[in-house]
Amino acid sequence: MPDGAKAPDRQAALSEYVSSVILPQIVPPPHSEVDIERLCQRKPVYLFVERGRNATAVGKLFQERPMPPEQAWSLAETEYRNLSILRGAFEMGTGACQVVAPLGKMQNLSALLVTQKVPGHTLDYYIAQAVQAHESNPFFDKLGYLASFFVKVHRNSESAKSLSPNAPQRYLSRLLASLGEKVLSPGLSRAAEMEAAR
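This is the structure:
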């Protein structure tokens, strides 16, 4: 849980919110206690697990970042809205490019956003496997799925308005540059760029 004197109070408040608002959307009552586990050390992302039936959800605390509370809440609301649009208007609630369902948001809990938990590993897991275990194929597979996801989003958002590919290309370049700085060897970085360009 987040550091500081208020962490036990915040943990209790998070558990109460998940039990009363989130879990009823996943499994019917009664609900057991909720365990909270941090999923990522670099970002305030947490796994909520109901002990009785192992019902799970994922929460992200936007206010843990150094920014004004209003900006953190705006980011949480924007992400909630974008997930809803992708699942609804873009019809990405099922299938290979399924987007997680937003389950709730709470401003006074560090600008919390809660989504459903999907099976599988995080992208960080595949990056670590590529770097530490020299298993790059699963990582490249995931990059391919990510590229397919962006293609589907682009196609579902097509309109008569002319769209430039510059923004997605800049995003992909930043992603690859970030990976190159932190974890990828020059050879693996070049291979990732070639795979992404396919």
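In the working numbering, the protein residues as written are -17 to 180.
We treat Cβ as the ideally placed atom computed from N, Cα and C, and that holds for glycine.
(Q) Taking the alpha helix (DSSP H) that arginine 69 belongs to, which residues open and close that run? (A) Walking along the sequence shown from the start, residue 69 turns up at place 87. First-last of the alpha helix (DSSP H) with arginine 69: 51 to 69.
First and last residue of the uninterrupted alpha helix (DSSP H) at phenylalanine 121 | Here residue 121 corresponds to residue number 139 of the sequence shown, with the count starting at 1. Residues 118 to 138.
Provide the residue(s) that pair with isoleucine 18 in DSSP beta bridges, ordered along the chain. To locate residue 18, count along the sequence shown from 1; it is residue 36. According to DSSP, isoleucine 18 bridges with Phe30.
Report task. Please determine, among Ile4, Leu43, Pro11, the residue with the shortest C-alpha to C-alpha distance to arginine 20. Result -> The residue given as residue 20 occupies position 38 in the sequence shown. Nearest in C-alpha terms to arginine 20, of all of Ile4, Leu43, Pro11, is Leu43.
Point to revise | Reference arginine 137; option with closest CA among Gln151, Gly86, Met88, Phe72 | key: For the purposes of this step, residue 137 is taken as the residue at position 155 of the sequence shown. It is Phe72.
Inset, instruction - In the DSSP assignment, find the beta strand (DSSP E) that holds tyrosine 6 and state where it starts and stops. - result: Looking up residue 6 in the sequence shown gives position 24. Residue 6 is actually proline in this sequence, not tyrosine. Proline 6 -> not in any beta strand (DSSP E); alpha helix (DSSP H) instead, spanning 5 to 8.
Open item on the list: Pop quiz: isoleucine 4 and glycine 86 are said to be a contact at Cβ under 8 Å. What is the actual Cβ separation, rounded to whole angstroms?
Closed with: Here residue 4 refers to the residue found at position 22 of the sequence shown. Here residue 86 refers to the residue found at position 104 of the sequence shown. Confirmed, Cβ separation roughly 5 Å.
Note to self: What would DSSP say about leucine 94, mapped onto helix, strand or coil?
What the structure shows: For the purposes of this step, residue 94 is taken as residue 112 along the sequence shown, with counting starting at 1. Of the three classes helix, strand and coil, the one that applies to leucine 94 here is strand, per DSSP.
Whether serine 56 touches proline 84 by CB criterion (7 Å):
One-based indexing of the sequence shown puts residue 56 at position 74. One-based indexing of the sequence shown puts residue 84 at position 102. Not a contact, by the Cβ cut-off of 7 Å.
Practice task
Assign histidine 13 to one of two classes, buried (16 or more other C-beta atoms within 10 Å of its C-beta) or exposed (fewer than that).
Solution key: Indexing the sequence shown from 1 puts residue 13 at position 31. With 16 or more Cβ atoms within 10 Å of its Cβ, histidine 13 is classed as buried.
Just to confirm the assignment, what range does the alpha helix (DSSP H) spanning valine 113 have? Sequence index remark: in the sequence shown, residue 113 carries index 131 (1-based). Per DSSP, valine 113 belongs to the alpha helix (DSSP H) from 105 to 114.
message = Checking the sheet assignment: what are the DSSP bridge partners for valine 0?
response = Here residue 0 refers to the residue found at position 18 when the sequence shown is read from its first residue. Per the DSSP secondary-structure output, valine 0 pairs with nothing in a beta bridge.
Problem - Given proline -10 as reference, the closest of Pro6, Gln7, Asp17, Pro10 once Cα atoms are compared - result: Walking along the sequence shown from the start, residue -10 turns up at place 8. Closest in C-alpha terms to proline -10, from the list Pro6, Gln7, Asp17, Pro10, comes Asp17.
Taking alanine 78 as the reference, which of Leu128, Leu105, Val96 has the closest Cα?
-> As a position in the sequence shown, residue 78 is number 96, starting the count at 1. The shortest C-alpha separation from alanine 78 is found at Leu128.
Same chain, Cβ closer than 8 Å to valine 100, neighbours up to 5 away in sequence not counted:
What you label residue 100 is simply residue 118 of the sequence shown in a count that begins at 1. Answer for valine 100: Gln80, Val82, listed in chain order.
- Query: Quick one: is glycine 41 buried, meaning 16 or more other Cβ sit within 10 Å of its Cβ, or exposed?
  - Reply: Indexing the sequence shown from 1 puts residue 41 at position 59. Flag for glycine 41 reads buried.
Run through DSSP, which three-state label would alanine 188 get?
-> The first residue shown for the chain is -17 and the last is 180, placing residue 188 beyond what the model contains.
Select from Leu91, Leu154, Lys134 the residue whose C-alpha is nearest the C-alpha of proline 26.
-> Your numbering for residue 26 matches position 44 in the sequence shown. The candidate whose alpha carbon is nearest that of proline 26 is Leu91.
(Q) Measuring only the C-alpha atoms, how far is arginine 156 from histidine 103? (A) Sequence index remark: in the sequence shown, residue 156 carries index 174 (1-based). Sequence index remark: in the sequence shown, residue 103 carries index 121 (1-based). Each residue's Cα considered, the two are about 22 Å apart.
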